[in-house]
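Colleague: Residue numbers (our numbering): 2 to 344.
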Amino acid sequence: MRISRLDDVEKFKIENERLFFSAQHEEIKMGLTTDIYFIKTLEVLRYLKREDAYVKAEIFARREGIFCGLPEVLNLLKDVDCKVYSLEEGENFSAKEVVMRIEGRYVDFGIYETPILGILASSSAWATAARRCKEAAGQKPILCFGARHIHPSVAPVMERAAKVGGADGVSCILAAKILGISASGTIPHAAILIVGSTEEVAIAYDKVIPEDSPRIILVDTFKDEAQEALDVAKVLKEKLYGIRLDTPSERGGVTPELVYEVRKRLDLEGFEHVKIFVSGGLDPEKIKILSEAGADAFGVGSYISSASPIDMTMDVKEVDGKPIAKRGRIPGVIENKRLKRVK
Numbered sequence: 002m003r004i005s006r007l008d009d010v011e012k013f014k015i016e017n018e019r020l021f022f023s024a025q026h027e028e029i030k031m032g033l034t035t036d037i038y039f040i041k042t043l044e045v046l047r048y049l050k051r052e053d054a055y056v057k058a059e060i061f062a063r064r065e066g067i068f069c070g071l072p073e074v075l076n077l078l079k080d081v082d083c084k085v086y087s088l089e090e091g092e093n094f095s096a097k098e099v100v101m102r103i104e105g106r107y108v109d110f111g112i113y114e115t116p117i118l119g120i121l122a123s124s125s126a127w128a129t130a131a132r133r134c135k136e137a138a139g140q141k142p143i144l145c146f147g148a149r150h151i152h153p154s155v156a157p158v159m160e161r162a163a164k165v166g167g168a169d170g171v172s173c174i175l176a177a178k179i180l181g182i183s184a185s186g187t188i189p190h191a192a193i194l195i196v197g198s199t200e201e202v203a204i205a206y207d208k209v210i211p212e213d214s215p216r217i218i219l220v221d222t223f224k225d226e227a228q229e230a231l232d233v234a235k236v237l238k239e240k241l242y243g244i245r246l247d248t249p250s251e252r253g254g255v256t257p258e259l260v261y262e263v264r265k266r267l268d269l270e271g272f273e274h275v276k277i278f279v280s281g282g283l284d285p286e287k288i289k290i291l292s293e294a295g296a297d298a299f300g301v302g303s304y305i306s307s308a309s310p311i312d313m314t315m316d317v318k319e320v321d322g323k324p325i326a327k328r329g330r331i332p333g334v335i336e337n338k339r340l341k342r343v344k
């Protein structure tokens, strides 16, 4: 069932004790996350007997980025009689470039404009942020640790988009399941604080975690990072794959000087095989600097999760075969040879 009348909106009731305020899948499909003016539009079109108006609508981006969100859009339009032409996920797009075209009766797909634009705007922004981080890291891996910075209902969407943009892994369990990969991550400071010893936690971690999971230990909880890294390396020896630096901002954060010192001290003690992972407030500029200092991998959180949505706009450009447009726009479809028929 899809809402199509103002009466449908009035009659729809939600549970009194709704657990979460996020939209459920069926509610999105019903059109309940759309703006009310699209329902009012349908009422007007029915009154004027224009339900059969066949339109071509184009979606363009206000700024450049990486295209993402297509599977969700197609799932949203799965039962809608329309044609869809689109860029492929992961492709670059420029400002004002048409990224998608939808053709069909407006009354069949018009109410989905709001969720379609929202899906593409947010997903493309997250993918774009991840791509910038990956470009800064080069061949070194980046992992998305952004789930804790946004509402849990969209955390898997964000981390999936980050993977499309170039992230090598994600920490959110559900996102990893959706992607068909294993979730990435080690342990938080909480585990070490509760036990009271980084070395003891490292030994326990080695004993209880499956062998196919790399031994990467957090080393900035109780001692100087370089010393704690050496202490952990001495107890795990060749089993230690890497150490993670997550020094808080109150102590200056992870700096290139710190990374360089830890690298040198590990090497001097014969632990050249130990990788250095860094996290905490990273962005492309910091990633590049820390990489040059010797960091081997990066956990990126808020830079990806807080990326501003890339504003998307849908314009009706043709009605019943006649080119048309609002003032300021050119009537008729804008050809983009990169668009492919996807529905």
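Think of the CB as a built atom: it goes at the ideal place given N, C-alpha and C, for glycine as much as any other residue. Here the structure is a predicted model, which is why all the values come from computation and not from measurement.
Mark G170 as exposed unless 16 or more other C-beta atoms lie within 10 angstroms of its C-beta, in which case mark it buried.
Modeller: buried
Colleague: Could you give the residue range of the alpha helix (DSSP H) that holds V260?
Modeller: 257-269
Colleague: To test your reading of the DSSP string, which unbroken alpha helix (DSSP H) runs of 4 or more residues are found completely within the segment 149-207?
Modeller: Unbroken alpha helix (DSSP H) runs of no fewer than 4 residues, entirely contained in the segment 149-207, are found at 156-166, 174-180, 190-196, following chain order.
Colleague: Quick check on F21: buried or exposed, where buried means 16 or more other Cβ atoms within 10 Å of its Cβ?
Modeller: exposed
Colleague: I'd like the list of long-range same chain contacts for R3, defined as Cβ closer than 6 Å, with 5 residues on each side in sequence excluded.
Modeller: Short of 6 Å from the beta carbon of R3, and not among the five residues preceding or following it, lie these beta carbons of its own chain, in chain order: M31, G32.
Colleague: Taking C-alpha atoms, which residue in H190, A192, L175, A191 lies nearest to A184?
Modeller: L175
Colleague: Cβ atoms of A308 and A130: under 8 Å apart, would you say?
Modeller: For A130 and A308, yes; Cβs fall inside 8 Å.
Colleague: Can you find at least 3 beta carbon pairs, one from the segment 311-325 and one from the segment 40-60, that sit closer than 8 Å?
Modeller: A contact exists between the segment 311-325 and the segment 40-60.
Colleague: So which of E92, P72, R64, L49 has the shortest CA-CA distance to V108?
Modeller: L49
Colleague: Would you mind listing the beta strand (DSSP E) stretches within the segment 289-340 that are 3+ residues and don't spill past its ends, in chain order?
Modeller: 298-301, 313-320
Colleague: Grouping DSSP H, G and I as helix and E and B as strand, with all else coil, what is F110?
Modeller: helix
Colleague: Closer than 6 Å by C-beta to V196: which residues in its own chain qualify, once you throw out the five before and the five after it? Chain order, please.
Modeller: Spatial neighbours of V196 in its own chain (CB-CB distance under 6 Å, excluding positions within 5 residues in sequence) are listed in chain order as V202.
Colleague: Could you tell me the distance, in whole angstroms, from the CA atom of D213 to the CA atom of F61?
Modeller: Distance between the alpha carbons of D213 and F61 is about 44 Å.
Colleague: Taking only three categories from DSSP, how would you classify R342?
Modeller: strand
Colleague: Reducing DSSP to helix, strand and coil, say where G119 ends up.
Modeller: Correct three-state label for G119: helix.
Colleague: On a CA-only basis, which of S172, I193, S125 is nearest L162? Give me that one, please.
Modeller: The amino acid at residue 162 is misidentified as Leu; the sequence shows Ala. When each option's Cα is compared against that of A162, the closest is S125.
Colleague: What residues are listed by DSSP as bridge partners for F278?
Modeller: R245, A298
Colleague: Can you look up A54 in the DSSP assignment and give me helix, strand or coil?
Modeller: coil
Colleague: Below 8 Å on the Cβ atoms is my guess for D36 versus T115; work out the distance and round it to an integer in Å.
Modeller: Contact check for D36 and T115: beta-carbon distance about 5 Å, within the 8 Å limit, so the pair qualifies.
Colleague: Identify whether K141 lies in helix, strand or coil by the three-state DSSP scheme.
Modeller: Collapsing the DSSP output to three states places K141 in coil.
Colleague: Could you check the C-alpha separation between P249 and H274 for me, to the nearest Å?
Modeller: 26 Å
Colleague: State the DSSP-derived secondary structure class of V233, mapped to helix, strand or coil.
Modeller: helix
Colleague: Give me, in chain order, the residues of the same chain whose beta-carbon lies closer than 8 Å to that of A192; leave out the 5 immediate sequence neighbours on both sides.
Modeller: So the list reads V202, once near-sequence residues are dropped.
Colleague: Could you give the DSSP three-state label for V45: helix, strand or coil?
Modeller: helix
Colleague: So A296 packs on V260, CB below 8 Å; how close in whole Å?
Modeller: 5 Å
Colleague: Are the CB atoms of R245 and F278 nearer to each other than 8 Å?
Modeller: yes
Colleague: Given L71, which residues of its chain have a CB within under 6 Å of its CB, disregarding the five upstream and five downstream residues?
Modeller: S87, E90
Colleague: Can you tell me whether DSSP reads M2 as helix, strand or coil?
Modeller: Of the three classes helix, strand and coil, the one that applies to M2 here is coil, per DSSP.
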